[in-house]
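Structure record follows, encoded as structure tokens.
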Amino acid sequence: MTNGLVSELPAGIIQEKIYTYSQNDFGFSQKLRLFRFLLFNASKFDIIHLLFTPTKSNIFFINLALAISGARRKTRTIQTVATLREDIFSNQEIKKLMFSDLVITYSDYAKNKLEKLGIANTKRIYPGIDLDIYKPAPKDPEVLSKFNIQASEFVISYPGEYVRLGATDGLVEILPKLFEKIPNAKFIFACRIKNEKDAKKKNEVIEKLREHNLLEKVAFSDTFADVSKLYNLADVVVFPVGNMKGKFDVPLAVIEAMACEKPVVISDIPILQEFATAENSAIIKNGDFSQLIDVLMGLSADQESRKALGKSARKYVEMNFDIKNVSEEYKKAYESLN
Numbered sequence: 001m002t003n004g005l006v007s008e009l010p011a012g013i014i015q016e017k018i019y020t021y022s023q024n025d026f027g028f029s030q031k032l033r034l035f036r037f038l039l040f041n042a043s044k045f046d047i048i049h050l051l052f053t054p055t056k057s058n059i060f061f062i063n064l065a066l067a068i069s070g071a072r073r074k075t076r077t078i079q080t081v082a083t084l085r086e087d088i089f090s091n092q093e094i095k096k097l098m099f100s101d102l103v104i105t106y107s108d109y110a111k112n113k114l115e116k117l118g119i120a121n122t123k124r125i126y127p128g129i130d131l132d133i134y135k136p137a138p139k140d141p142e143v144l145s146k147f148n149i150q151a152s153e154f155v156i157s158y159p160g161e162y163v164r165l166g167a168t169d170g171l172v173e174i175l176p177k178l179f180e181k182i183p184n185a186k187f188i189f190a191c192r193i194k195n196e197k198d199a200k201k202k203n204e205v206i207e208k209l210r211e212h213n214l215l216e217k218v219a220f221s222d223t224f225a226d227v228s229k230l231y232n233l234a235d236v237v238v239f240p241v242g243n244m245k246g247k248f249d250v251p252l253a254v255i256e257a258m259a260c261e262k263p264v265v266i267s268d269i270p271i272l273q274e275f276a277t278a279e280n281s282a283i284i285k286n287g288d289f290s291q292l293i294d295v296l297m298g299l300s301a302d303q304e305s306r307k308a309l310g311k312s313a314r315k316y317v318e319m320n321f322d323i324k325n326v327s328e329e330y331k332k333a334y335e336s337l338n
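Just so we're aligned, residue 1 is where the sequence shown starts under the numbering used here, counting upward by one.
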């Protein structure tokens, strides 16, 4: 969502000013602006492509705008659905949320589920990332200094969330033992503060670490502008999550880390098994944080294994998540509706 024109886009692309500010949260006022724009302009387009998580309210207003504008008679529609939100919607509710001529999912998991629900017009296209931005690079001296990390230390990063995903408590619990087993380790909570609950949880984590005199061994990145430098600061990235409720089917934090040739330790929950394999990741049993320690000990002691796993991860991302190839897949999807 952008406020104004995006200068990087080619001159031939016509941009419309819809939103009044740029943010990650697609707030109510911005939804109203989109609704108003569609009311007066939807019928002008050959294809309308919607890229946000469907809810009962936003789908109602989108359908209303398409009907009133007359777009239903000639305009084709595409939904890109990053996740089905099975944690809050029943199967029948999910089915009703899919209204477009073509539904594009981020995973085969979601695609297969929709097809079982009777929605045949589905296609899976993985999210794309820019491999010229997310690529392996040496540890940046300024970033090392910012987080008080020595170049010789073994850096473990968790690019998840404080409250959601079910990993924070388990990670905090094992940190004393982890630092005992890997004395030169440093741990980074590479988590953004998204709301008050996250802020509260972060403070709880800090207090627990203070009780164990471990604050000097842990860093908190919060919002960090150059994310690729943060990934490349790590020797290993961990994603031992217990669930993916409310998250994209394919967590970009994992894919971006893989693109930077980082070995990723990841839990074996079903939604993640689609792209995390024994060839490109170190997989642990869901909830088994003792196994996480063992895997990290092994990786810390074996640099060649880390390199091999990282290179395999990069190759997998090049084959499946390159934004250039993903763009071509979307082009074909558009052409299929003509």
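The beta-carbon is built from N, C-alpha and C at its ideal position, and this holds for glycine as well.
Cβ atoms of Gly-128 and Asn-325: under 9 Å apart, would you say?
-> yes
Give me the Cα-Cα distance between Ile-156 and Asp-235, rounded to the nearest whole angstrom.
-> 6 Å
Comparing the CB of Arg-124 with every heavy atom of the ligand MN, is any distance shorter than 8 Å?
-> Among the ligands in the structure shown, none appear at all, so the ligand MN cannot be discussed.
Where DSSP assigns a beta bridge to Ala-219, which residues make up the other side?
-> Ile-188
Report yes or no: do the region 94-105 and the region 116-123 share at least 3 C-beta pairs separated by less than 8 Å?
-> yes
Count the other CB atoms, across all protein chains shown, that sit within 10 Å of the CB of Thr-168; report buried if there are 16 or more and exposed otherwise.
-> buried
Any idea what DSSP makes of Glu-295, helix, strand or coil?
-> Here residue 295 turns out to be Val, not Glu, going by the sequence shown. Helix at Val-295.
Should Thr-223 be labelled buried (16 or more other beta-carbon atoms within 10 Å of its own) or exposed?
-> exposed
Where the beta strand (DSSP E) through Ile-156 begins and ends | 154-158
Determine the contact status of Asn-232 and Ala-137, defining contact as a CB-CB distance below 9 Å.
-> yes
Looking at the structure shown, is Ala-151 part of a helix, part of a strand, or coil, going by DSSP?
-> coil
Would you give the residue range spanned by the beta strand (DSSP E) that Gln-92 belongs to?
-> Element bounds for Gln-92: not the beta strand (DSSP E) but the alpha helix (DSSP H), 91-97.
Use the C-beta contact count for Phe-60: other C-beta atoms within 10 angstroms, 16 or more gives buried, fewer gives exposed.
-> exposed
Which residue comes first and which comes last in the beta strand (DSSP E) that contains Ile-283?
-> 282-284
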